[in-house]
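Written below as structure tokens is the structure these notes are about.
Number of protein chains: 2
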Amino acid sequence: MNAVTIKDVARAAGVSPKTVSRVMNAEAHVRAPVREHVLRIVAELGYRPNAHARSLSSSRSFLIGLFFDDPASGYAADVQLGAITRCRHHGYHLVVERVDRSVEGWLEETASALQALDLAGVVLTPPICDWTELTDLFAQRGIPVVKLGSSTAGPVSAVVHIDDYAAARDMTDHLVALGHRRIAFVQGNATHGAARRRLAGFQDAMAAAGLDVRADWIPAADFTFRSGMAAGDALLAATDRPTAIFAANDEMALGVLVSAARLDIAVPKSLSVVGFDDAPVSRMAWPQLTTIRQPNGELAAATIDILVDPAYAQAETRDGYSVELPYGMIERSSSGPA
Amino acid sequence: MNAVTIKDVARAAGVSPKTVSRVMNAEAHVRAPVREHVLRIVAELGYRPNAHARSLSSSRSFLIGLFFDDPASGYAADVQLGAITRCRHHGYHLVVERVDRSVEGWLEETASALQALDLAGVVLTPPICDWTELTDLFAQRGIPVVKLGSSTAGPVSAVVHIDDYAAARDMTDHLVALGHRRIAFVQGNATHGAARRRLAGFQDAMAAAGLDVRADWIPAADFTFRSGMAAGDALLAATDRPTAIFAANDEMALGVLVSAARLDIAVPKSLSVVGFDDAPVSRMAWPQLTTIRQPNGELAAATIDILVDPAYAQAETRDGYSVELPYGMIERSSSGPA
DNA sequence: CTGAAAGCGCTTACAG
DNA sequence: CTGAAAGCGCTTACAG
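In structure tokens, the structure reads:
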């Protein structure tokens, strides 16, 4: 393409390419009239610096990588929107990559992609944010990383997250306040740190309320609708059943809801069901789900803000950049008095 | 980063950089032993060509743009997974961009992003695949485009899609075969070509079956759950109500389902509800939705295959590259005899 | 405050 | 079949 280059602008403005470069990068030491004149020519010609040339000469790239285990999850979509919007704001672009651990040589392949693209930084989403092979790889290549949704910050990377533990405690307290004593908890995929923290929050809140938790009332599941439905079936089949079920995410809560519907158990009259995430599906159910709002878009935006900060890449210890954002309890119609 | 460059490989292999380049690009005219030797060194050193340098010198980039109106939709997630996987396969990377028409200067901003990144090609998703300002922009810059889900192919771009019209006819025929005569259709957002084609399929199937379609039984909606629920409320409030409702997508069908649940209308006993898309949510409802399966991942993969074909960029008329993939009827439990 | 030279890591012509 | 030269569009030192 006959795109306009820095030389074209320089010629048209009667200055050197270097001066144009200074103007484009908002560097100091350009007299105001010169700057304005150059800016006018830039606008006239529709000049936009070539990102590849910039990256090559400055060895700093304008591409940020967003790495997913499962880019097709509802969670991923929200995160992405926040990240894209923020990248655009900073003049960066978002490259989305998938890390599929089941593929032979996945780590090498990821490393390759990295080197080829010379990414300015990387956002790691759950659960891959907790894979140390990956974080080690980035550390070794000197690529700044921010972990989204992990709780284990460290010298090599900041984390951006909500307090899953406290949120789960709050939700459990809410159920207890409603008069529930027989409360079950459907666990998320144990490879996710968030699943473990939510469970801990539930358990501690129950203990604090002086309530027993039967082992078979904290069934293991894996964050999918199907696993939630199976857990619901097991929990609700017995005559001796809980009066409230707290699922570690909304999809599983929906599964519990369907299980209850099939068994003709009225929600919230005979059973309260609550979730976690405030995913779009939490509103597409009947009754709508009481849940914890997690600001995924804002969390993602925060990871980008950290990554584009030049000081972050240099920092001795990056932990200090970590951000915790507030969550919210969303009380809808799937929970009620015991 | 002290990444290994083509020079390092050349030195270690005792050949010129040009020879290494030839090997990396699988060009002809390299003797087998030399090729193998170079390949060995490449593996040893973990060499990976720098994408920016490649793009700059060859003026062909390895970045493909995936443009969305709403990157947070469930649809977007599926599409993305297919596209990412296929890009990786071809040695390309996927840059996800959002086109927000409500932002002042959106077209210029998009053009800027384009020029900076020097994209090898672009995938346009619905509904932006039908925005001619956008396709004109790409055509003018000489950037190959493939439209996903549009039906209006043209000289400047191929389309990859299913036959929405035929699928909607099939679904309507299914309802008619079940004995339904009083069938309503909840329309999708009219700015989407697919919404119009699905409506046309419904109308033609009804006409072919000799069935009348009341104007107030084809309510306008916009593909959202909320709009589907509103349409359901309007349709089901009257005593004189339809026995089947066909919603132009699954989210709206879910809305109809919730509307029915609140009015205590049993599905599928007293009302059949069917959707379109086979979105993940179609299985998270009770009863599960009868719907049309649209292979989003495969459709997306097909767009990438077209874009990486060098012949496509050169082609006089690109229409010939268009692909139509088969859809499927998924009969689940939300539909039954009238 | 401004600019001329050199170079980032590749590939494109052009030689041989 | 292989290589030396030039250049892609910028920015990084260095001068002045």
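Line by line, the protein sequences give chains B and D.
Quick note, the first sequence lines up with residues 1 to 338 if you use this note's numbering.
Quick note, the second sequence lines up with residues 1001 to 1338 if you use this note's numbering.
Beta carbons: idealized from backbone N, C-alpha and C, even for Gly.
Given the structure is predicted, the values throughout are model-derived calculations rather than measurements.
query = Roughly how many angstroms separate the alpha carbons of Y92 of chain B and V1145 of chain D, rounded to a whole number?
reply = 22 Å
message = In the DSSP output, which residue or residues are listed as bridge partners for H1089 of chain D?
response = H1089 of chain D pairs with nothing; no bridge assigned.
inquiry  = For chain B, check one thing: does any of its Cβ atoms lie closer than 7 Å to the Cβ of F1225 of chain D?
reply    = yes
request  = May I ask you to list, following chain order, the residues of the segment 1309-1328 of chain D that have a beta carbon less than 9 Å from some beta carbon of chain B?
outcome  = If the cut-off is 9 Å between Cβ atoms, the segment 1309-1328 of chain D has nothing near chain B.
ask   = Whose Cβ in chain B lies nearer than 9 Å to the Cβ of I1006 of chain D?
value = Under the 9 Å cutoff, chain B gives no residues; its nearest Cβ is about 13 Å from I1006 of chain D.
ask   = At least one CB of chain D closer than 7 Å to the CB of D78 of chain B: is that the case?
value = yes
ask   = Measuring CA to CA, which of B:R182, B:G82, B:T132, B:G121 is closest to T243 of chain B?
value = B:R182
task = Return helix, strand or coil for S55 of chain B, following the three-state DSSP convention.
result = helix
ask   = Could you give the uninterrupted runs of the alpha helix (DSSP H) lying entirely in the segment 1274-1312 of chain D, keeping only those of 4 residues or more?
value = With a minimum length of 4 residues, the continuous alpha helix (DSSP H) runs that stay inside the segment 1274-1312 of chain D are 1296-1308.
ask   = Name the chain B residues that come within less than 8 Å of R1262 of chain D, Cβ to Cβ?
value = W286
ask   = In or out: V1239 of chain D buried (at least 16 other Cβ within 10 Å) or exposed?
value = Here the sequence assigns Thr to residue 1239 of chain D, which means Val is not the residue at that position. Exposed, since its Cβ has fewer than 16 Cβ neighbours within 10 Å.
request  = Taking only the alpha-carbon atoms, compute the straight-line gap between I330 of chain B and L263 of chain B and give it to the nearest angstrom.
outcome  = Roughly 26 Å between the two C-alpha positions.
query = Do you know offhand how far P973 of chain D's Cα is from D277 of chain B's?
reply = Chain D is shown from 1001 up to 1338; residue 973 of chain D falls before or after that span and cannot be answered.
message = I'd like the list of long-range same chain contacts for M24 of chain B, defined as Cβ closer than 7 Å, with 5 residues on each side in sequence excluded.
response = For M24 of chain B, where only same-chain residues beyond five positions count, the Cβ hits under 7 Å are P49.
inquiry  = Please tell me whether G149 of chain B and R169 of chain B are closer than 7 Å, where the distance is taken between their beta carbons.
reply    = Cβ distance not < 7 Å, so G149 of chain B and R169 of chain B don't count as in contact.
task = Can you grab the Cα-Cα spacing for the pair M171 of chain B / V156 of chain B, in whole Å?
result = Cα-Cα distance, rounded: 33 Å.
Neighbourhood of M1001 of chain D by C-beta distance below 8 Å, restricted to the same chain and skipping five residues each side = In this prediction, M1001 of chain D has a pLDDT of 44, which is less than 50 and means its spatial position is unreliable; what the coordinates show is noted afterwards. Counting only Cβ-Cβ distances below 8 Å, and skipping sequence neighbours, we find nothing.
key: Same chain, Cβ closer than 8 Å to S335 of chain B, neighbours up to 5 away in sequence not counted   = If we look at S335 of chain B and ignore the five residues flanking it on each side, its Cβ neighbours are H174, L175, L178, A244, P268, S272, V273, V274, T290.
ask   = Can you tell which of D:V1160, D:R1101, D:E1097 has the C-alpha that lies nearest to the C-alpha of L1117 of chain D?
value = D:E1097
Same chain, Cβ closer than 7 Å to D1305 of chain D, neighbours up to 5 away in sequence not counted = The residues are R1086.
query = Does DSSP put A1344 of chain D in a helix, in a strand, or in coil?
reply = There is simply no residue 1344 of chain D to check, as chain D begins at 1001 and stops at 1338 in what is shown.
message = 7 Å is my cut-off, CB to CB: does L1056 of chain D come that close to chain B?
response = yes
request  = Check each residue of the segment 114-134 of chain B: if its Cβ is closer than 8 Å to any Cβ of chain D, include it; give the result in chain order.
outcome  = Q115, A116, L117, D118
request  = Check each candidate in B:F67, B:I162, B:I41, B:W286 and name the one with the smallest Cα separation from L107 of chain B.
outcome  = B:F67
ask   = Between S21 of chain B and A1300 of chain D, what straight-line distance do the alpha-carbon atoms span, to the nearest angstrom?
value = 38 Å
key: Residues sharing a beta bridge with H1161 of chain D, DSSP   = D:E1324
key: Pairwise C-alpha distance: P1287 of chain D and S1333 of chain D   = 6 Å
message = Taking only three categories from DSSP, how would you classify G74 of chain B?
response = helix
inquiry  = Quick check on the DSSP output: what are the complete alpha helix (DSSP H) runs of length 4 or more inside the segment 1105-1135 of chain D, in order along the chain?
reply    = Taking only runs of at least 4 residues, the alpha helix (DSSP H) segments lying wholly in the segment 1105-1135 of chain D are 1106-1117.
query = What number of angstroms, rounded off, separates the C-alpha of V1159 of chain D from the C-alpha of V1323 of chain D?
reply = So the alpha carbons of these two residues sit roughly 6 Å apart.
ask   = Where does K7 of chain B land, buried or exposed, given buried means 16+ other C-beta within 10 angstroms?
value = exposed
ask   = Applying a beta-carbon distance threshold of less than 8 Å, which residues of chain B neighbour S1335 of chain D?
value = Correct list: empty, because the minimum Cβ distance to chain B is about 17 Å.
message = Would V95 of chain B and L63 of chain B qualify as a contact pair, given that the criterion is a beta-carbon distance under 7 Å?
response = yes
inquiry  = For the segment 1209-1223 of chain D against the segment 1243-1257 of chain D, do three or more pairs of beta-carbon atoms, one drawn from each stretch, fall closer than 8 Å, so that the two count as touching?
reply    = yes
inquiry  = Check whether the segment 122-141 of chain B and the segment 185-203 of chain B touch, using three or more Cβ-Cβ pairs below 8 Å as the test.
reply    = yes
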